[in-house]
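Enquirer:
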Amino acid sequence: MSAADLSVLQRPNDRLRRRRLVNRGMELVAWLTAALAVLILGVVVFSVARRGWSALNLDFLTKSQLQFAPPNVKQGLANAFIGTFIVVGIATLMALPFGILIAIYVNEYAPKAIRSVVSLTLDVLAGVPAIVIGFFVFGLIVISHGQSAYAGGFALAVLMLPLVARSTIEVLALVPDSLREAALGVGAPRWRTTLGVVLPQTIGGVLTGATLAVARVAGETAPLLFTCSLVATGTHVDPSKPLQTVPLAIYQLSDSPEPADHARAWAAALVLILFILVVSLTARWLATRSRRKIAQASR
Amino acid sequence: MSQMREESVSVSSTIEQAVRVETKRQPLPPRERLEQVFDIQDLTAIYGSKPALKDVSMEVYKNLVTAIIGPSGCGKSTYIRCFNRMNDLVPSFRQTGTIRYHGQDISGKDVDPVSVRRTIGMVFQRPNPFPKSIHDNVAWGLKVLGMKDNLSERVEKALTQAALWDEVKDRLKASALGLSGGQQQRLCIARAIAVEPDVVLMDEPASSLDPIATQKIEQLLHELKSEYSFVIVTHNMQQAARVADMTAFFSISRGEEGERWGELIEYDDTEKIFTAPSDKRTEDYVTGRFG
Chain A
0 MSAADLSVLQ RPNDRLRRRR LVNRGMELVA WLTAALAVLI LGVVVFSVAR
50 RGWSALNLDF LTKSQLQFAP PNVKQGLANA FIGTFIVVGI ATLMALPFGI
100 LIAIYVNEYA PKAIRSVVSL TLDVLAGVPA IVIGFFVFGL IVISHGQSAY
150 AGGFALAVLM LPLVARSTIE VLALVPDSLR EAALGVGAPR WRTTLGVVLP
200 QTIGGVLTGA TLAVARVAGE TAPLLFTCSL VATGTHVDPS KPLQTVPLAI
250 YQLSDSPEPA DHARAWAAAL VLILFILVVS LTARWLATRS RRKIAQASR
Chain B
0 MSQMREESVS VSSTIEQAVR VETKRQPLPP RERLEQVFDI QDLTAIYGSK
50 PALKDVSMEV YKNLVTAIIG PSGCGKSTYI RCFNRMNDLV PSFRQTGTIR
100 YHGQDISGKD VDPVSVRRTI GMVFQRPNPF PKSIHDNVAW GLKVLGMKDN
150 LSERVEKALT QAALWDEVKD RLKASALGLS GGQQQRLCIA RAIAVEPDVV
200 LMDEPASSLD PIATQKIEQL LHELKSEYSF VIVTHNMQQA ARVADMTAFF
250 SISRGEEGER WGELIEYDDT EKIFTAPSDK RTEDYVTGRF G
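Taken in sequence, the protein lines are chains A and B.
Start counting the first sequence at 0; every next residue gets the next number (numbering that gives the first Met the number 0).
Start counting the second sequence at 0; every next residue gets the next number (numbering that gives the first Met the number 0).
#1: Using Cβ-Cβ distances below 8 Å, what residues of the segment 47-69 of chain B are close to chain A?
#2: For V278/A, which of helix, strand or coil comes out of DSSP?
#3: By DSSP's criteria, D104/B is part of a beta bridge. Which residues make up the other side?
#4: Taking CB distances under 8 Å as the criterion, tell me whether T85/B reaches chain A.
#5: For P96/A, count the other beta carbons within 10 Å of its own beta carbon; 16 or more makes it buried, fewer makes it exposed. Which is it?
#6: What is the DSSP secondary structure of F45/A, counted as helix, strand or coil?
#7: How long is the line joining the alpha carbons of W260/B and A156/A, rounded to whole angstroms?
#8: Please confirm if the segment 244-260 of chain B is in contact with the segment 216-223 of chain B, defined as three or more CB-CB distances below 8 Å between the two stretches.
#9: Under the three-state reduction of DSSP, which class applies to V174/A: helix, strand or coil?
#10: At which residues does the beta strand (DSSP E) containing D41/B begin and terminate?
#11: List the residues of chain B that R191/A touches, going by C-beta distances under 8 Å, in chain order.
#12: Kindly indicate which three-state DSSP category M25/A falls into: helix, strand or coil?
#13: Who pairs with F92/B in a beta bridge, going by DSSP?
#14: For P90/B, return the contacting residues in chain A, with the cut-off set at a CB-CB distance below 9 Å.
#15: Taking beta-carbon pairs under 7 Å, can you tell me which members of the segment 194-223 of chain B lie near chain A?
#16: Answer with yes or no whether the minimum CB distance from V185/A to chain B is below 8 Å.
#17: Using the C-alpha atoms, what's the distance from L100/A back to N313/A?
#18: Using a C-beta to C-beta distance shorter than 7 Å, which residues of chain A count as neighbours of M121/B?
#19: What is the DSSP secondary structure of T246/B, counted as helix, strand or coil?
#20: Which of the three DSSP states is assigned to G126/A in this structure?
#21: Would a C-beta distance cut-off of 8 Å place T83/A and F137/A closer than the cut-off?
#22: At least one CB of chain A closer than 8 Å to the CB of N149/B: is that the case?
#23: Which residues does DSSP pair with F229/B in a beta bridge?
#24: Determine contact between the segment 148-165 of chain A and the segment 207-225 of chain A, defined as no fewer than three beta-carbon pairs at a distance below 8 Å.
#25: DSSP state of S56/B, grouped into three classes?
#26: Could you round the C-beta distance between L158/B and Q184/B to whole angstroms and report it? I think they count as a contact, below 8 Å.
#27: Which chain A residues sit within Cβ distance under 7 Å of R190/B?
#28: Identify whether M121/B lies in helix, strand or coil by the three-state DSSP scheme.
#29: Just to make sure I have the definition right: I need the residues of chain A whose C-beta is within less than 7 Å of the C-beta of R117/B. Which are they?
#30: CA-CA distance, D177/B and I105/B?
#31: Does V230/B come within less than 8 Å of chain A when only Cβ atoms are used?
#32: Pick out whichever of L229/A, R49/A and K292/A has its Cα sitting closest to the Cα of V270/A.
#33: Are there any heavy atoms of the ligand GDP lying less than 7 Å away from the beta-carbon of V115/B, as far as the coordinates show?
#34: Chain B beta carbons: is any one of them nearer than 8 Å to that of K240/A?
#35: Hey, how far is the Cα of V232/B from the Cα of P128/A?
#36: Confirm, please, whether the CB-CB distance from Q74/A to L65/A is below 8 Å.
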């Protein structure tokens, strides 16, 4: 190309200038929308923290709710924290093994047709509104056996199941076939291959999925309304009875005429948000670690 | 290696220019004196509706290295994977014909592929060690197969046979993924022979390795063939010429409607394949005029 041609590049050019402006404008819009998302989270956390901060103290975390408390008696939401821990724990114990087994079947054994049917089912199940699942468990368990932490945990487990199964299917699919062939090649049966070689590769990914699912259901209120909401006062840990949970406590306290209750509702919300934040960050950390591990193995 | 070079077999001049045949082998005894490991009859392998291989019949003999050579896409890998039922993992795969292993048909539906793979081991194209320690890579198969007595001795023996022991004996607990490619492949060979298979199948075991690592693996074949029978797929003709006692040449045939499939063209002593092939297509391939 000659020097004369190059001078075209330096000459002012309206069309080019307009293109540059449009480009800048689009970049700005994209930046603003991203900033908006961060801002929304910031505003939520900040407003919850501002209102809840005053009620958040050691007593709040260690003392339980009382039914008829004189105003000067300190009370907290320890029963709700313990209850949420137990209910979510029950849900995880039910959903995790089930979800992993579903994923193993879908990824390691199922023929293609069944695989897509199960995948679709999981997608649909993940999209069922939480209140519908609560209602389903109400009909299935609560009508005959009454409310309990088991029923609440089961409702949350139904919500967790597709999340755990989907994320496990994804990590199993990342394990290179060469590893399966290596294991089968030494004469290992399929189940030994899956348990001894494939699954250990995916532990990190499975835990990530499980952790995200825990974070997702820990704040669920609707499924618990039908299944685990008629709560006795005081701290108890018997899962055959309904246990107080954090989301329901927030719901009930915000309905109270007492301003102190409102503050405690905000504080409970703050604890819940912080819990979910920590859990999600843990999940991300686990995910990066396991991706690195799988990448190393498939190198 | 230097010793091998000195004993290079002199062959007719045109072919010698194209392929350097370097061998250190005694003349093979006559076929009928050799013990058969595999007897393959009319093997046809099909993916979906596309045949990958048609009507392959040959025998594989005990304590020999048998090489499968041929251009890409001629079904070499498909063929070798029929021997230990590895193709069972491919849903659309079907095969007809028989593969007799010491007289017993192993291609039938009633034969358990897992038990087939216990006596017919495999080493793959890309080194695929488990993401476990070096020791556990070899020990895992032993544990799965219930060969738990003298575990560490068995591991040491396999690693020694695979010429890896001296390099790893001080770091058996280290991850196998930290080894070099050549070391990883020798670890995979150790893993395969640790469970004392009868046959070891190798699917282009050196294709991702540098020449020095390749040389080590070829030496291994020479040293280990008194104990095992090897079937090795390679696209490297010099490698086949160096390591194999018998060589099968596969090629691609084309049908009238443009369909392609792999076919066995010629199977004979390696020396004959490389010096006096009886089929024109073999000669074209080994002299580098094709493929």
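By construction, the Cβ of each residue, glycine as well, lies at the ideal position given by its N, Cα and C atoms.
Treat the numbers as computed from the prediction; the structure is a model and nothing was measured.
Expert: Short version:
#1: none
#2: helix
#3: R99/B
#4: Per the sequence presented here, residue 85/B reads as Met, with Thr not at that position. Closer than 8 Å: yes.
#5: exposed
#6: helix
#7: 52 Å
#8: no
#9: coil
#10: Q35 to Y46
#11: V143
#12: helix
#13: Y46/B
#14: P110 and K111
#15: V194
#16: yes
#17: An answer regarding residue 313/A cannot be provided, because it is not within the stretch 0 to 298 covered by chain A.
#18: G184
#19: strand
#20: helix
#21: no
#22: no
#23: V64/B and V199/B
#24: yes
#25: strand
#26: Actually they are not in contact, since the Cβ atoms of L158/B and Q184/B sit about 13 Å apart, beyond 8 Å.
#27: V185
#28: strand
#29: G186
#30: It is worth fixing the name first, because residue 177/B is Gly in this sequence and not Asp. Their Cα atoms are separated by approximately 37 Å.
#31: no
#32: R49/A
#33: Although the ligand GDP was asked about, the structure shown includes no ligands whatsoever.
#34: no
#35: 56 Å
#36: yes
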